[in-house]
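Worksheet for the structure shown next.
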DNA sequence: TTAATCAATCAAGTATTATTGATGCCGTGG
DNA sequence: CCACGGCATCAATAATACTTGATTGATTAA
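Protein chains in written order, with the working numbering: chain A, 3 to 106; chain B, 3 to 106.
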């Protein structure tokens, strides 16, 4: 039914995906974990900017971070992706028939 | 691989879902098509505001409109939902193994 | 311990989105 | 033809989101 917490969670997850830079990041992470400096290199962009987008993705739960030495490795959280996939799927219409009553 | 047009399309679709009001609208439409006045009633909000959000959903292709007399009925475009579902699914990590090389 | 590197955070500026009330268009009923 | 109802659109404002450059904390190498 997508009510209450689900609605807010869906909105947050979708917001995190509603940006091409963040989709680029996820595309990179699909092949395995990466540290920020690798991403700045791959995506040709500034460290600060990337850090901002990584935070959005992390806050939404779509990526996980693993500090190692002075690097921080990011990786996709496949569970969250699957969760979102399910939430999106639940938006499909339950009936195709034209509704009988009208109020206007 | 989520590149080029797909990336932009995914961002647009996700942006359209990144708002609780729009999720509420879709939730209503799941049960069948509705005209704007029914939605303003169900969602307890202003007509102008609703019209704005309906436009965002329509521009993204997530809903379809059907004029009938002086009403306009909106309905979920299940194809677009399925398309997005697939795009989201394609974000899942392809390998779980730790990547061997590092550049930093 | 000092210098250097990686990455988060902050502050300031810009850009994009959302809300609100007003206006206009179009189809319908009188 | 006229008035009304349903809805889109516009203009102005408010709220969010994004970008950029500078700073800071933490970690490692010298």
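Here a beta-carbon is modelled for each residue, glycine too, at the ideal position from N, C-alpha and C.
Query, Result
"Own chain partners of residue 45/B with C-beta closer than 8 Å, once the 5 adjacent residues on each side are dropped", "23, 26, 27, 30 and 52"
"Exposure of residue 62/B, with buried meaning 16 or more beta-carbon neighbours within 10 Å", "buried"
"Residue 81/B, DSSP secondary structure in three states", "helix"
"Within chain A, the residues that residue 17/B reaches when beta carbons sit closer than 7 Å", "20"
"Residue 21/A beta carbon less than 8 Å from that of residue 13/B", "yes"
"For residue 64/B and residue 57/B, the rounded distance between their alpha carbons", "10 Å"
"Neighbouring residues, chain B, relative to residue 11/A (Cβ below 9 Å)", "Those do not exist, as residue 11/A stays about 10 Å from chain B at its closest Cβ, beyond 9 Å."
"Host beta strand (DSSP E) of residue 67/B (start-end)", "65-70"
"Residue 29/A: contacting residues in chain B (beta-carbon distance under 9 Å)", "3, 4, 5, 9 and 93"
"Backbone secondary structure at residue 106/A - three-state DSSP", "coil"
"Backbone CA spacing between residue 83/B and residue 71/A [nearest angstrom]", "42 Å"
"C-beta neighbour in chain B for residue 78/A, strict 8 Å", "yes"
"Interface residues of chain B facing residue 47/A [CB-CB closer than 8 Å]", "Here the premise fails: no neighbours, minimum Cβ distance about 15 Å."
"Inter-residue spacing [alpha-carbon to alpha-carbon] between residue 95/A and residue 33/B", "7 Å"
"Residue-chain proximity (residue 58/B, chain A), Cβ-Cβ < 8 Å", "no"
"CA nearest to the CA of residue 39/B, picked from 4/B, 92/B, 75/B and 90/B", "75/B"
"Pairwise C-alpha distance: residue 106/A and residue 1/A", "Since the first and last residues shown for chain A are 3 and 106, residue 1/A lies out of range."
"Residue-chain proximity (residue 52/B, chain A), Cβ-Cβ < 8 Å", "no"
"Distance, residue 35/A Cα to residue 35/B Cα", "44 Å"
"Proximity below 8 Å, CB of residue 16/A to CB of residue 16/B", "yes"
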